[in-house]
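Peer 1: I'd like to ask you about the structure that follows.
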Amino acid sequence: MNTITGPEHLEESVDQLAHVLGELRQGHDELICSLEFEEAEALAEVLEAGLHPDVAAHLMHRWALTEPDWDAEHGDVIRHWLASEGGD
Numbered sequence: 132m133n134t135i136t137g138p139e140h141l142e143e144s145v146d147q148l149a150h151v152l153g154e155l156r157q158g159h160d161e162l163i164c165s166l167e168f169e170e171a172e173a174l175a176e177v178l179e180a181g182l183h184p185d186v187a188a189h190l191m192h193r194w195a196l197t198e199p200d201w202d203a204e205h206g207d208v209i210r211h212w213l214a215s216e217g218g219d
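Numbering (the working numbering), first residue to last: 132 to 219.
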């Protein structure tokens with residue numbers, strides 16, 4: 132079985148991820164609250180690379196809101212994402 136995925140499939144997958152996370156913006160951020168920093172950052176990087184920087188920034192913004200001590204360990208990274216969020 133061939134497991135290599137074409138770029139079109141990856142693009143569709145990232146678009147689907149952006150759609151699902153975009154729907155979570157409507158007040159259902161439970162998923163984001165349960166992510167570890169590394170998981171949230173990895174998702175944000177995939178979204179940004181997949182041309183969904185607004186969703187990526189929102190994801191990291193929501194993550195920062197759920198983690199009161201984010202500045203101590205991840206301050207520079209989180210500030211980068213907060214600066215790139217476009218007036219959400």
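Yeah, the Cβ is synthetic: ideal placement off N, Cα and C, and Gly gets one too.
Because the structure is a prediction, the values reported are computed rather than measured.
Are the beta-carbon atoms of A171 and L178 separated by less than 8 Å?
Peer 2: Along the sequence shown, one-based indexing puts residue 171 at 40. Along the sequence shown, one-based indexing puts residue 178 at 47. Cβ atoms of A171 and L178: not closer than 8 Å.
Peer 1: Apart from the five residues just before and just after H205, which ones in its own chain have a Cβ nearer than 7 Å to its Cβ?
Peer 2: Counting from one through the sequence shown, the residue named residue 205 turns up at place 74. Only F168 meet the Cβ criterion.
Peer 1: Could you have a look at S215 and say whether DSSP puts it in helix, strand or coil?
Peer 2: Numbered from its first residue, the sequence shown carries residue 215 at position 84. Here S215 sits in helix by DSSP.
Peer 1: Just verifying my parser: in three-state terms, what is the DSSP assignment at P184?
Peer 2: Residue mapping note: residue 184 aligns to position 53 of the sequence shown, counting from 1. P184: helix per DSSP, three-state reduction.
Peer 1: Would you mind sorting A173 into buried or exposed? The rule is 16 or more other CB atoms within 10 Å of its CB.
Peer 2: Here residue 173 corresponds to residue number 42 of the sequence shown, with the count starting at 1. Exposed: under 16 other Cβ atoms inside 10 Å.
Peer 1: Can the beta-carbon of A195 be found closer than 8 Å to that of L213?
Peer 2: The residue given as residue 195 occupies position 64 in the sequence shown. The residue given as residue 213 occupies position 82 in the sequence shown. Taking 8 Å as the Cβ cut-off, A195 and L213 qualify as a contacting pair.
Peer 1: Expressed to the nearest angstrom, what Euclidean distance is found between the alpha-carbon atoms of D146 and P199?
Peer 2: Within the sequence shown, numbered from 1, the residue matching residue 146 stands at position 15. Within the sequence shown, numbered from 1, the residue matching residue 199 stands at position 68. Computed Cα separation, rounded: 30 Å.
Peer 1: Using only the alpha-carbon positions, how far apart do I209 and G137 sit?
Peer 2: To locate residue 209, count along the sequence shown from 1; it is residue 78. To locate residue 137, count along the sequence shown from 1; it is residue 6. Going from the Cα of I209 to the Cα of G137 covers about 32 Å.
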